[in-house]
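Colleague: Chains as they are written, first to last, in my numbering: chain H, 1 to 246; chain U, 1001 to 1494. Note that CB positions come from ideal geometry on N, CA and C, so glycine has one too. Note that this is a predicted model, so its numbers are computed, not measured. There's a structure below that I have some questions on.
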Amino acid sequence: MLKIDQVVANAGDKEILKGLNLTVKPGEVHAIMGPNGAGKSTLGNLLAGMPHVELTSGSVEYMGKNLLELEPEERAAEGVFLAFQYPVEIPGVNNMYFLRTALNSQRKYRGEEPMDSAQFLRMVKQKIKDLNMRDDLLKRPVNVGFSGGEKKRNEVFQMGVLEPKLAILDETDSGLDIDALKIVADGVNQLRSPDRSFIIITHYQRLLDHIQPDYVHVLADGKIVKSGDKGLALELEEQGYGWLNE
Amino acid sequence: MKQNTDNPAAAAEEPNRVVKDRARKKYKEGFVTDIESYTIPPGLDEDTIRLISAKKDEPQWLLDYRLDAFRKWQNMQQPEWAKLNIPPIDFQAISYYSSPNANKENAPKSLDEVDPKLLETYDKLGVPLHERERLAGVAVDAVFDSVSVGTTFKAELEQVGVIFSSFSEAVQDHPELIKQYLGSVVPASDNYFAALNAAVFSDGSFVYIPKGVRCPMELSTYFRINAINTGQFERTLIVAEAGSYVSYLEGCTAPMRDENQLHAAVVELVAMDDAKIKYSTVQNWYPGDEDGKGGIYNFVTKRGNCLGKNSKISWTQVETGSAITWKYPSCVLRGDHSSGEFYSVALTNNHQQADTGTKMIHLGKNTKSTVISKGISVGKSQNAYRGLVRVAKKADHARNFTQCDSLLIGKSCGAHTFPYTESANMTAKLEHEATTSKISEDQLNYCLQRGITEEDAISLIVDGFCKEVFKELPMEFAVEAKALLDISLEGAIG
Ligand SMILES: Nc1ncnc2c1ncn2[C@@H]1O[C@H](COP(=O)(O)OP(=O)(O)OP(=O)(O)O)[C@@H](O)[C@H]1O
Ligand SMILES: [Mg+2]
């Protein structure tokens, strides 16, 4: 599904990723933890094609394609989804209209028929229900006046509607209350399937109580410095990152 | 109070994308109708005015009115206070009257007698006039250069007492109404272009809604400039008697030409007790090419008089066309408890210049006004909002809310706001909000990440920016306005 090979990349003009390797197979859930400023968001931005991140060397293969050659909207249509650490507000643009535009752009890229509004409405209503979210999310302008938690939930809702193949969640659990955390985790769990993969960036082991990851990695100073199973997250929770340097 | 925001975003980045060449969509209304027409030679003096008046078989009082206006105009100066760079206009090089030949002698009695080429023109513009293809629920007066070629649904409207006709016809059929109201809101001496219009106006629409009648359909006028080197000087007058309601729309287009053409219109609205007039404009005059060549000079005076108690006048405009726009639809709130509204989207691209806004004059007690202005500047264009809120001494408890937002796309454009307030009454409550923003890179990237193309993303964000104004437009026109914005945004990126 995804093969990140010896990636060196700059954010702004600083080298942030310094020889990063990561392989994700279909159906797997990988958690990435690591200290502030380690380069976790930079990795997400690189994969999604966001600006200010530039590859110096190495390669990223995604479903047999050179991912970094594709435009950001092409990557989205190929199934790459990034739940942003800081979702953006778009005043005056209704959330549902935004999502329908997004979905139909992706379908068009893939040579599929557009979904008409009635079909779309039915689908979206069902998703909202499945995800245990409130209907008014649909009518409000994209993220405008949303609380921090609502913004994160909206990211998960969008993920649910767009049904990506590779979803990267950048601290989607930060700032959530316990119920919201459960909603977000459910959102991921409902989407889990043998051909869909997740990269979950988080600082807290508690999310991983709800989403069972296949692997846990520690990203520090631009590299994966340790990988393990769920047990690693527990160790980190108890001991912090310091012991990794010893 | 004056505030001038000279593109603070200028130094910031452009949308971060590879330059894409894209086949530019053309101004699709830019065609010329090949039709024989009678056009008087260029030039302007008293004889020109006599000729126009004679063509229209006007009564003496109207000719006198025109001549008086002309003499006033001769002693006036073209205004220079707007933030516009207007090349000198040679008023002697313009022809002041042009009419398709078919209309030369007698105006066609019915639409069946109208030259098929004209009907075809309106078909192409998406405003079919024939009975079978007409837009349901919208009556249309079609003005072609200096004359009206026909008005639909006249008979149906007459049944409820609504008069909807070309201005020239109204002069013949309802001279008493014209005499009473012509110039009552915008006097000939009001300003340079209004005086010129009063002297040479050709055609436009007249609307009269009797007491207590809610006009059963939307009324609309479609203005088309076709002839070369002519100006269009239309005159529109709407009178809404006590307790009546009307929603009126105007649309306008012109062929693509390298020469500039002058359009100087006057619109007057009168609302009696409890009457409501909703006036919407989708202005799509030819804006000129990418290099700023050609395009219409749109110098328009629009004013509504809320004469009656509790009356209401609402202006909604979507301005995407014209090389230069100079236009301030205003409300005089004379009746107690009357209210005025102004909702505007003005988009300028390439070398277009717009100086537009409104005046809200509070004279009556408890009068209320709302101003929502959205300016969008793209390319090398300049976009200014100019507004005046004046509260007279006796206008107790007047209230105004003004919000003007500017959106900048690109680094060479400018947005400017000139909000003036004059209050002579302590009880007035005036609020003003202004923002200048640019489409943020973060917003754009967020859209891209969801799979939306850059072009669609810009259109989505701009549409969101204009939401508060679009929702004031009648449904069909909101759709048209949105499509128009998309076309006008072409080339906004890359
Ligand atoms: N556009 C940019 N220009 C300059 N520096 C940048 C840019 N983007 C990121 N950086 C820097 O790169 C480093 C890594 O940032 P990144 O956001 O990837 O960290 P992170 O691991 O996600 O941290 P956190 O846990 O706090 O979210 C930081 O020092 C940050 O300041
Ligand atoms: Mg981060």
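Within a Cβ cutoff of 7 Å, which residues of the same chain sit near Leu-244 of chain H, ignoring the five residues on either side of it in sequence?
Modeller: In the first sequence, residue 244 of chain H corresponds to position 244, counting from 1. Around Leu-244 of chain H: Val-218, Ala-220, Val-225 and Lys-226.
Colleague: Say the cut is 7 Å; is the CB of Gly-12 of chain H nearer than that to a heavy atom of ligand 1?
Modeller: For the purposes of this step, residue 12 of chain H is taken as residue 12 along the first sequence, with counting starting at 1. Checking every heavy atom of ligand 1 against the Cβ of Gly-12 of chain H, one is found closer than 7 Å.
Colleague: Who does Cys-1331 of chain U pair with in a DSSP beta bridge?
Modeller: On the second sequence, position 331 is the one that residue 1331 of chain U refers to. Note: Cys-1331 of chain U sits in a beta bridge opposite U:Gly-1304 and U:Met-1360.
Colleague: Could you check whether the Cβ of Leu-82 of chain H sits closer than 8 Å to any Cβ belonging to chain U?
Modeller: Indexing the first sequence from 1 puts residue 82 of chain H at position 82. By this cut-off, Leu-82 of chain H is an interface position.
Colleague: Do three or more CB pairs link the stretch 194-206 of chain H to the stretch 229-239 of chain H at distances below 8 Å?
Modeller: At 8 Å Cβ cutoff, the stretches touch.
Colleague: Alpha carbons only, please: which of H:Leu-68, H:Lys-129, H:Ala-48 and H:Lys-139 is nearest the one belonging to Gly-187 of chain H?
Modeller: Taking the first residue of the first sequence as 1, we reach residue 187 of chain H at position 187. Answer by Cα proximity: H:Lys-129.
Colleague: What in chain H is Cβ-close to Pro-1467 of chain U, meaning under 7 Å?
Modeller: Mapped onto the second sequence, residue 1467 of chain U falls at position 467. Reading the sequence as shown, one finds Lys at residue 1467 of chain U and not Pro. Near Lys-1467 of chain U (Cβ distances below 7 Å), the residues of chain H are Gly-92.
Colleague: With DSSP as the reference, label Gly-12 of chain H as helix, strand or coil.
Modeller: Taking the first residue of the first sequence as position 1, residue 12 of chain H is located at position 12. Looking at Gly-12 of chain H - three-state DSSP - the assignment turns out to be coil, as it is neither helix nor strand.
Colleague: Any residue with its C-beta under 7 Å from a non-hydrogen atom of ligand 2 counts. Can you list them all in chain order?
Modeller: Residues flagged by the Cβ proximity filter: H:Lys-40, H:Ser-41, H:Gln-85, H:Asp-170, H:Glu-171 and H:Ile-201.
Colleague: Cβ of Leu-1307 of chain U less than 8 Å from any chain H Cβ?
Modeller: Reading the second sequence from its first residue, position 307 is the one you call residue 1307 of chain U. No, Leu-1307 of chain U does not count as interfacial toward chain H.
Colleague: What number of angstroms, rounded off, separates the C-alpha of Arg-1022 of chain U from the C-alpha of Tyr-1286 of chain U?
Modeller: Looking up residue 1022 of chain U in the second sequence gives position 22. Looking up residue 1286 of chain U in the second sequence gives position 286. A caution first: Arg-1022 of chain U carries a pLDDT of 26, below 50, which makes its placement in the model unreliable, though a value can still be read off. Arg-1022 of chain U and Tyr-1286 of chain U: Cα-Cα distance of roughly 21 Å.
Colleague: Can you give me the Cβ contacts of Thr-1427 of chain U inside the same chain, cut-off strictly under 8 Å, excluding the 5 residues immediately before and after it?
Modeller: As a working note, residue 1427 of chain U is residue 427 in the second sequence. Result list for Thr-1427 of chain U: Asp-1396, His-1397 and Ala-1398, in chain order.
Colleague: Using C-beta distances below 6 Å, list every residue in its chain close to Thr-1370 of chain U, excluding the 5 sequence neighbours before and after it, in chain order.
Modeller: Here residue 1370 of chain U corresponds to residue number 370 of the second sequence, with the count starting at 1. So the list reads Glu-1341 and Phe-1401, once near-sequence residues are dropped.
Colleague: Measure the Cβ-Cβ separation of Thr-1496 of chain U and Val-1267 of chain U and say whether it is below 8 Å.
Modeller: As shown, chain U starts at 1001 and ends at 1494. That puts residue 1496 of chain U outside it, with no answer to give.
Colleague: Using the DSSP secondary-structure output, state which residues sit across from Gly-1295 of chain U in a beta bridge.
Modeller: The residue given as residue 1295 of chain U occupies position 295 in the second sequence. Answer by DSSP bridge pairing, in chain order: U:Asn-1260.
Colleague: Would you say Glu-73 of chain H reaches chain U, if we count a Cβ-Cβ gap shorter than 8 Å as a contact?
Modeller: Start at 1 with the first residue of the first sequence, and residue 73 of chain H comes out as number 73. It does; some Cβ of chain U falls within 8 Å.
Colleague: Strictly by DSSP, which residues pair up with Gly-1251 of chain U?
Modeller: The count along the second sequence starts at 1 and reaches residue 1251 of chain U at position 251. Per DSSP, U:Tyr-1222 and U:Val-1282.
Colleague: Between which residues of its own chain and Gly-12 of chain H is the CB-CB distance below 8 Å, once the five residues before and five after are set aside?
Modeller: On the first sequence, residue 12 of chain H is found 12 positions in, with the first residue counted as 1. The residues are His-52.
Colleague: Could one say the Cβ of Met-133 of chain H lies closer than 8 Å to chain U's Cβ atoms, at least one of them?
Modeller: Indexing the first sequence from 1 puts residue 133 of chain H at position 133. So, not an interface residue.
Colleague: So what's Lys-1467 of chain U in DSSP terms, helix, strand or just coil?
Modeller: Taking the second sequence and counting its residues from 1, one reaches residue 1467 of chain U at position 467. Looking at Lys-1467 of chain U - three-state DSSP - the assignment turns out to be helix.
Colleague: Should Tyr-1446 of chain U be flagged as near chain H, meaning a C-beta pair shorter than 8 Å?
Modeller: Against the second sequence, residue 1446 of chain U aligns to sequence position 446. So, interface residue.
Colleague: Applying the criterion that 16 or more other CB atoms from any shown protein chain within 10 Å of the CB defines a buried residue, is Lys-45 of chain H buried or exposed?
Modeller: As a position in the first sequence, residue 45 of chain H is number 45, starting the count at 1. The identity of residue 45 of chain H in the sequence shown is Asn, whereas the question assumes Lys. The residue is buried, with at least 16 neighbouring Cβ atoms inside 10 Å.
Colleague: Between the Cα of Tyr-1097 of chain U and those of U:Ala-1170, U:Ile-1228 and U:Leu-1062, spot the shortest distance and give me the residue it belongs to.
Modeller: As a working mapping, residue 1097 of chain U is identified with position 97 in the second sequence. Cα-wise, what sits closest to Tyr-1097 of chain U is U:Ile-1228.
Colleague: Exposed or buried, what is Lys-1025 of chain U when buried is set at 16 or more other beta-carbons lying within 10 Å of its beta-carbon?
Modeller: Mapped onto the second sequence, residue 1025 of chain U falls at position 25. With a pLDDT of 45 at Lys-1025 of chain U, under the threshold of 50, the modelled position of this residue cannot be trusted, and the question is left open.
Colleague: Thr-1325 of chain U: buried (16+ other C-beta within 10 angstroms of its C-beta) or exposed?
Modeller: In the second sequence, residue 1325 of chain U corresponds to position 325, counting from 1. Result: buried.
Colleague: With DSSP run on the structure shown, which of helix, strand or coil describes Cys-1447 of chain U?
Modeller: Against the second sequence, residue 1447 of chain U aligns to sequence position 447. In this structure, Cys-1447 of chain U counts as helix in the three-state DSSP scheme.
Colleague: How far does the beta strand (DSSP E) with Arg-1050 of chain U in it extend, from its first residue to its last?
Modeller: The residue given as residue 1050 of chain U occupies position 50 in the second sequence. No beta strand (DSSP E) contains Arg-1050 of chain U, which is instead part of the alpha helix (DSSP H) from 1046-1055.
Colleague: Shortest alpha-carbon distance to Gly-1308 of chain U belongs to which of U:Ala-1271, U:Ile-1035 and U:Ile-1296?
Modeller: Sequence index remark: in the second sequence, residue 1308 of chain U carries index 308 (1-based). The residue with the shortest Cα to Cα distance from Gly-1308 of chain U is U:Ala-1271.
Colleague: If you measure beta-carbon to beta-carbon, which residues of the stretch 1263-1290 of chain U are closer than 9 Å to chain H?
Modeller: Against chain H - using a Cβ distance shorter than 9 Å - the stretch 1263-1290 of chain U contributes no residues.
Colleague: If I measure Cβ to Cβ from Tyr-241 of chain H and keep anything under 8 Å in the same chain, skipping five residues before and after, which residues do I get?
Modeller: Looking up residue 241 of chain H in the first sequence gives position 241. So the list reads Gly-34, Pro-35, Val-218 and Ala-220, once near-sequence residues are dropped.
Colleague: By alpha-carbon positions, which one of H:Glu-74, H:Asn-143 and H:Gln-85 ends up nearest to Lys-108 of chain H?
Modeller: The residue labelled residue 108 of chain H in the question sits at position 108 within the first sequence. Closest by alpha carbon: H:Glu-74.
Colleague: Run the CB neighbour count on Pro-1116 of chain U, radius 10 Å, all protein chains shown included, and call it buried at 16 or more, exposed below.
Modeller: As a position in the second sequence, residue 1116 of chain U is number 116, starting the count at 1. Burial call: exposed.
Colleague: Tell whether a beta-carbon distance below 8 Å holds between Phe-1164 of chain U and Ala-1139 of chain U.
Modeller: Counted from its first residue, the second sequence places residue 1164 of chain U at position 164. Counted from its first residue, the second sequence places residue 1139 of chain U at position 139. Against a cut-off of 8 Å, the Cβ pair of Ala-1139 of chain U and Phe-1164 of chain U comes out as a contact.
Colleague: Is Ala-83 of chain H helix, strand or coil when you go by DSSP?
Modeller: The residue labelled residue 83 of chain H in the question sits at position 83 within the first sequence. Reduced to three states, the DSSP call for Ala-83 of chain H is strand.
Colleague: One question on the structure: do Phe-157 of chain H and Leu-131 of chain H come within less than 8 Å of each other, judged by their Cβ atoms?
Modeller: On the first sequence, residue 157 of chain H is found 157 positions in, with the first residue counted as 1. On the first sequence, residue 131 of chain H is found 131 positions in, with the first residue counted as 1. In this structure, Leu-131 of chain H lies closer than 8 Å to Phe-157 of chain H by Cβ.
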